[in-house]
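First the structure, in the form of structure tokens, and then the observations on it.
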Amino acid sequence: MADVDIVIEICGSAGDGTISSGEILSRFMSSQGFEIMSFDSYPSEIRGFGKCVAHSRISNKKVLSPGKYTDILIALNNAHAISQLHTLRETGIVIFDNKPPNYLEEDQSIAGWIEPGMISYGIPLLNLSQKASGSARGRNMVALGALAAIFGIDGEQMKSAIHARYAKKNKVVIDSNINSFAEGFTWAQQHVTKVDSYTFGHSKPKPSKEKKAIINGNQAVAQAAIDSGLHLYAGYPITPATKIMEIVSRELPKKGGVMVQTEDEISAIGHVIGAGYAGKRAMTATSGPGFCLMSELANLAVMAEVPAVLVNSQRGGPSTGLPTRNEQSDLNIALFGGSGDSPRIVLAPTSVNECYTCTTLAFYLAEKYQTLVIILLDFFLSNSIRNITTPVPPKANQLNSNVAPTKTALKDYKRYKLTKNGISPRAIPGTPGGMCISTGLEHSEHGHPRYDRNTHPAMTEKRFNKIQGALSEAPKPRWVGPKKNVDIGVIAWGSTAGSAHEAVLNARKEGINVAFMSTVILSPFPVKEIKKFSEACSRILVPELNYTGQFANVLSPHLSRSIERLNMVTGLPISAEDILEKIRDMAR
Amino acid sequence: MPKKDHYVIIGNGPAGNSAADAFRANDKDARVTIISDEAFSFFYRHKLPQFVAGNIGEDDLKVRPYSVYKEQNIRLRLGQCVDRIDPEEKILYLRHMEKVGYTKLVIATGGSPRILPSLTSFEKHLRFMTGYNNAIKLMPEIQKAKTITILGGDLISFELVKALRTMKKKIFFIFYSKCFWPVELTGNMSAKICANMKKKNIEAYADDTVETLTEKGNLYTLKTASGRTFKSDLVCCFLGLVPNIGYIIGSGIDTERGVLVNEFMQTNYKDIYACGDCAQIYDPKLKDYWISIGWSNAGLQGKIAAMNLLGSSKVVKPLPKSIRDVVGIKIQTSWWDHF
Ligand SMILES: Cc1cc2nc3c(=O)[nH]c(=O)nc-3n(C[C@H](O)[C@H](O)[C@H](O)COP(=O)(O)OP(=O)(O)OC[C@H]3O[C@@H](n4cnc5c(N)ncnc54)[C@H](O)[C@@H]3O)c2cc1C
């Protein structure tokens, strides 16, 4: 079976059906057994403006990163697609509308920008759409049809996938989509002379027996939260986290839970802490600016030892920043934001799969360690669509991780009892004998405010100590490659880890002695494993999407050595190619 | 700031490329653009027979890499067809609905397959090989076909036969010796050619004509005036080239068989010149027009056209004749290079 690894981008304006056609393509190719990593970017504005890009990497091998270069660009809008051409491979392909209603000026037509070596297939998208559906709406489906015909995708099966996508819509919608697809398919079959060598035709993988779910990071988080017994979701909409709220608002009530759209982010985290205090699993999701607002009140969960799960999907900052662009620059605020010494658990999934597992883990840890657990996603991970093995919901014993007081303890109940592991058994309000004071003020074991010279040190130490237990419950850092005498060790976190992993695998194929480590848990910090990795490597590289190297700065004091950095703030996910280039540079 | 000059060349053959090079060599600032409807780089047309036979790859066809255009700052637009020229407004209308303005224009669109009037009704069943676009379509068909009929009336047809023999295909060759292109066959040349072909196991028949050509289930049945029947998987037609000017007719630019130009390669519009296989060039001595043919002529004319557009006044002359070997027979060709 020939290797297939093709990146397709559909680029249009908001309202062109760019994202929906990308979704259909990804889902269909996934159903055909291909590995998928897709990523949509879209404007923060509403329909009628702005550029949308549906990016899909489709492969019959395992894929770990979205792919830097596009092989096939479908232009639904000339101006936007022209601005996307810089990502097209030198031998890439452009599918574009060669019969727009009017002649375009030289700089407005994508054909005017195509470099020699690239191949363009002009398809009368608008004409065929009008013929098939009586409107311009079906241009995206015409393009998909042409794509299928040119690149050896089964047209009949794809039609069924389109049917399934619109099954809940009325017949007119279904028919116009299917007919538009069929028009594009037939036209391309009859008129396009294929002069490129890309094809999916000869390389269809064997369908896997595993049940696959095709979801993005936000969907994985929402699903995991619901599967983890989420009772209350409170939130205020913000890109790129809004989707979590949308899903929860639809699905949570069906499970008897409650979704509250609050007046702002402060209120949202207040609701979560309130529900947590009352013994219910609760969560909020936000992004940079909202996270800043929450950071003060979120500290109450730390001080009052209340379980709270807070998802922060990072975007470009500071301030309103770049709402629809990617960045990993909220690490500092996630780890250290807030007043005082404020220990919290921070988890950063590196893949869509881990978005699910980290969320279930977050609820478990928040409840057991009675504290704030922050899940750090980012724009890419939130929107990155993968076909993953259907996640296994948490087992019953994971759905309640609260360490409850014994009957004896309730006789003289000390809510903040100093224990060996720092966890004070927690009586849910209403538990007979469990009456206590909970406060954001420093407090005694009974919860009474205390500012004496002994209480604060003891309680501070307790709060730091208790979360150390989370280290043994979180996945161990992943180490790929040799265990000693490594020339270059790459340590990555969050969504950058996939690209770093792929870059390391490719660098190893080139004969470079390089290894890879990533960690999901960032606080408490897995010092032991990362130190061991560092000791095995002559040089350490940390690639990340922020200007100052926030993760490298966290590592530095633990490793007491110099760390080389690859920091990017382009708003785009870091690519395996970027990291590989840096590794090659270091190896030279 | 004044707007930059835009020198546009339609055609990516030897004429178009040497025009572009000459523009760039003599004007560092102007925009220079080549537009070609073939989605492939500047290539050696004479190598197409070996290419479709699978004996050489795409890289062997290329005259030069794309990087040359980048280095010279020449914009190369491939796979884009000019549908119409408006010489008054100085605008080209491209098939994919784009308008391209120019200040100076060189027409270098070469030739297209010649189809004899007696064959026009069978055109849809015939395969040609004048450029990359039709060669790439033909290639898989040739690979698949076991038996191929060739209507041969030009030098290219012999090159294809040579290439097909390496593939061990069964070939029927119907030899149009009377209207041979680009040379006239004299004396008993055609009989000798046929005899030599037969020696090489090719069924060759001189001066028969096609009466009917039908297709059924991908099998073509060809009946000739003399009553012969040929059944084959493919029928290829090679009867020479005619200037490719269909898209120019009606634009106001004077044409006859080709684009009419004076001895300086200038058309009836001062900023439009034509050169290479598409041009019909006036010779003041002959007081008549001649049609350009052949690779080297085209290259030479492209350069002269560009230089003259920039202010020179060089007169074009055809290159000397050369001798070519066709299945063992020496033929004097008109400007047809022997590679
Ligand atoms: C198979 C074959 C074998 C040959 N062998 C020999 C040989 O051995 N010796 C020899 O001397 N000559 C040979 N020739 C002829 C020789 O190749 C031509 O004389 C020469 O290429 C002419 O050059 P040109 O630049 O005028 O046109 P061409 O090379 O024909 O180039 C014409 C260009 O115009 C472009 N074009 C046409 N119409 C449009 C349009 N509407 N819009 C945009 N672009 C357009 C085409 O895409 C092409 O790029 C052969 C030709 C063929 C086809």
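From first to last, the protein sequence lines stand for chains A and B.
Under the numbering used here, think of the first position of the first sequence as 1, with each following residue one higher.
Under the numbering used here, think of the first position of the second sequence as 589, with each following residue one higher.
Each residue gets a CB set at the ideal place from its N, CA and C atoms; glycine is no exception.
Could you give the distance in angstroms between the alpha-carbon of A/S208 and the alpha-carbon of A/I58? Here residue 208 of chain A corresponds to residue number 208 of the first sequence, with the count starting at 1. Here residue 58 of chain A corresponds to residue number 58 of the first sequence, with the count starting at 1. Approximately 15 Å, taken between the alpha carbons.
Below 8 Å on C-beta distance, what does A/N98 contact in chain B? Start at 1 with the first residue of the first sequence, and residue 98 of chain A comes out as number 98. The answer, in chain order, is R683, H684, M685.
Given the structure, does B/G667 come close to ligand 1, in the sense that its CB is under 7 Å from one of the ligand's heavy atoms? Looking up residue 667 of chain B in the second sequence gives position 79. Not so, every heavy atom of ligand 1 lies at least 7 Å from the Cβ.
A/G145 (DSSP reduced to helix, strand or coil): Mapped onto the first sequence, residue 145 of chain A falls at position 145. Helix.
With DSSP collapsed to three states, give me the class of A/V192. Position 192 of the first sequence holds residue 192 of chain A. A/V192 falls in the coil class under three-state DSSP.
So, helix, strand or coil for B/E626, using DSSP? On the second sequence, position 38 is the one that residue 626 of chain B refers to. B/E626: coil per DSSP, three-state reduction.
Using DSSP bridges, identify the partner residues of A/C11. Here residue 11 of chain A refers to the residue found at position 11 of the first sequence. Note: A/C11 sits in a beta bridge opposite A/V53, A/A75.
Of all the CB atoms in chain A, is at least one closer than 8 Å to the CB of B/V749? Taking the second sequence and counting its residues from 1, the one referred to as residue 749 of chain B is at position 161. False, the Cβ-Cβ gap to chain A never drops below 8 Å.
Comparing the C-beta of A/G117 with each C-beta of chain B, is any distance below 8 Å? The residue labelled residue 117 of chain A in the question sits at position 117 within the first sequence. Yes - at least one Cβ of chain B is within 8 Å of the one on A/G117.
Beta-carbon proximity list for A/I226, same chain, < 8 Å, skipping 5 on both sides: For this step, residue 226 of chain A is matched to residue 226 along the first sequence. Hits under 8 Å: V248, E251, L252, K255, G257.
If you draw a straight line from the C-alpha of A/Y277 to the C-alpha of A/K61, how long is it? Here residue 277 of chain A refers to the residue found at position 277 of the first sequence. Here residue 61 of chain A refers to the residue found at position 61 of the first sequence. Each residue's alpha carbon lies about 47 Å from the other.
Is B/N600 near ligand 1, with its Cβ less than 7 Å from a heavy atom? As a first step, residue 600 of chain B must be located in the second sequence, where it is residue number 12. Yes, Cβ of B/N600 sits closer than 7 Å to a heavy atom of ligand 1.
How about the region 408 to 419 of chain A and the region 369 to 385 of chain A: do they share at least three Cβ pairs that are nearer than 8 Å? no
Whole angstroms is fine: what's the gap from A/M294's alpha carbon to A/F336's? Position 294 of the first sequence, counted from the first residue, corresponds to residue 294 of chain A. Position 336 of the first sequence, counted from the first residue, corresponds to residue 336 of chain A. Distance between the alpha carbons of A/M294 and A/F336 is about 13 Å.
From A/I93 to A/Y356, what distance separates their C-alpha atoms? Translated into positions along the first sequence, residue 93 of chain A becomes position 93. Translated into positions along the first sequence, residue 356 of chain A becomes position 356. Each residue's Cα considered, the two are about 35 Å apart.
With H, G and I counted as helix, E and B as strand and the rest as coil, what does DSSP make of A/E510? Position 510 of the first sequence, counted from the start, is the residue given in the question as residue 510 of chain A. It is coil, neither helix nor strand.
Taking a contact to mean a Cβ-Cβ separation below 8 Å, would you say A/S342 touches A/V302 in this structure? In the first sequence, the residue the question calls residue 342 of chain A occupies position 342. In the first sequence, the residue the question calls residue 302 of chain A occupies position 302. Their beta carbons are under 8 Å apart, which means A/S342 touches A/V302 by this criterion.
Against chain A, does B/N806 count as a neighbour if the rule is that its beta carbon must be under 8 Å from one of theirs? On the second sequence, residue 806 of chain B is found 218 positions in, with the first residue counted as 1. Not closer than 8 Å to any Cβ of chain A, the Cβ of B/N806 fails to qualify, so no.
Taking the alpha carbon of A/S329 as the point to measure from, which residue in A/A348, A/F525, A/G340 has its own alpha carbon closest? Here the question's residue 329 of chain A lines up with position 329 in the first sequence. With distances taken between Cα atoms, A/S329 lies closest to A/A348.
Sorry if obvious, but does the Cβ on B/S624 come closer than 7 Å to a heavy atom of ligand 1? Numbered from 1 along the second sequence, position 36 holds the residue referred to as residue 624 of chain B. It does: the Cβ of B/S624 is within 7 Å (strictly closer) of some heavy atom of ligand 1.
Could you give the C-beta distance for A/G122 and A/F96, rounded to a whole number, given that I count them as a contact under 8 Å? Counted from its first residue, the first sequence places residue 122 of chain A at position 122. Counted from its first residue, the first sequence places residue 96 of chain A at position 96. About 6 Å; that satisfies the 8 Å criterion.
In angstroms with no decimal places, state the Cα-to-Cα distance between B/V903 and B/C782. In the second sequence, counting from the first residue as 1, residue 903 of chain B sits at position 315. In the second sequence, counting from the first residue as 1, residue 782 of chain B sits at position 194. About 41 Å.
Please list, in chain order, the residues of the region 660 to 671 of chain B that have any C-beta partner in chain A closer than 8 Å. L664, R665, L666, G667, Q668
Have a look at A/I579 and A/I375 and give me their C-alpha separation to the nearest angstrom. Here residue 579 of chain A is taken as the residue at index 579 of the first sequence, counted from 1. Here residue 375 of chain A is taken as the residue at index 375 of the first sequence, counted from 1. Going from the Cα of A/I579 to the Cα of A/I375 covers about 25 Å.
Under 7 Å: does the beta carbon of B/I744 sit that close to some heavy atom of ligand 1? By 1-based counting over the second sequence, the position of residue 744 of chain B is 156. Yes, ligand 1 has a heavy atom inside 7 Å of this Cβ.
Do A/S160 and A/A132 count as a contact pair if the criterion is CB distance below 8 Å? Taking the first residue of the first sequence as position 1, residue 132 of chain A is located at position 132. Taking the first residue of the first sequence as position 1, residue 160 of chain A is located at position 160. It is not a contact, given that the beta carbons lie outside the stated cut-off.
Between A/R47 and A/G12, what straight-line distance do the alpha-carbon atoms span, to the nearest angstrom? Taking the first sequence and counting its residues from 1, one reaches residue 47 of chain A at position 47. Taking the first sequence and counting its residues from 1, one reaches residue 12 of chain A at position 12. Confidence at A/R47 is low in this model, with a pLDDT of 48, below 50, so the placement of that residue is unreliable and no value is reported for it.
Using the DSSP secondary-structure output, state which residues sit across from A/I540 in a beta bridge. Mapped onto the first sequence, residue 540 of chain A falls at position 540. Per DSSP, A/G489.
Please report how far the alpha carbon of A/G290 lies from the alpha carbon of A/K411, in whole angstroms. Translated into positions along the first sequence, residue 290 of chain A becomes position 290. Translated into positions along the first sequence, residue 411 of chain A becomes position 411. Their Cα atoms are separated by approximately 42 Å.
For B/M853, is the beta carbon positioned less than 7 Å from some heavy atom of ligand 1? Residue mapping note: residue 853 of chain B aligns to position 265 of the second sequence, counting from 1. B/M853: no, Cβ never under 7 Å from ligand 1.
Using a Cβ-Cβ cut-off of 8 Å, state whether A/V192 counts as contacting chain B. Here the question's residue 192 of chain A lines up with position 192 in the first sequence. Not an interface residue.
Using beta-carbon positions only, say whether B/G834 and B/C863 come within less than 8 Å of one another. Numbered from its first residue, the second sequence carries residue 834 of chain B at position 246. Numbered from its first residue, the second sequence carries residue 863 of chain B at position 275. Taking 8 Å as the Cβ cut-off, B/G834 and B/C863 do not qualify as a contacting pair.
A/S538 classed as buried or exposed, judged by whether at least 16 other C-beta atoms fall within 10 angstroms: For the purposes of this step, residue 538 of chain A is identified with residue 538 of the first sequence, where counting begins at 1. That one is exposed.
Beta strand (DSSP E) runs wholly inside the region 314 to 370 of chain A, at least 3 long, in chain order: 345 to 347
For the candidate residues B/T621, B/H594, B/K635, B/D617, whose alpha-carbon lies nearest to that of B/S606? Residue mapping note: residue 606 of chain B aligns to position 18 of the second sequence, counting from 1. It is B/T621.
Under 8 Å between C-beta atoms of A/A136 and A/L126: Within the first sequence, the letter at position 136 stands for residue 136 of chain A. Within the first sequence, the letter at position 126 stands for residue 126 of chain A. A contact, by the Cβ cut-off of 8 Å.
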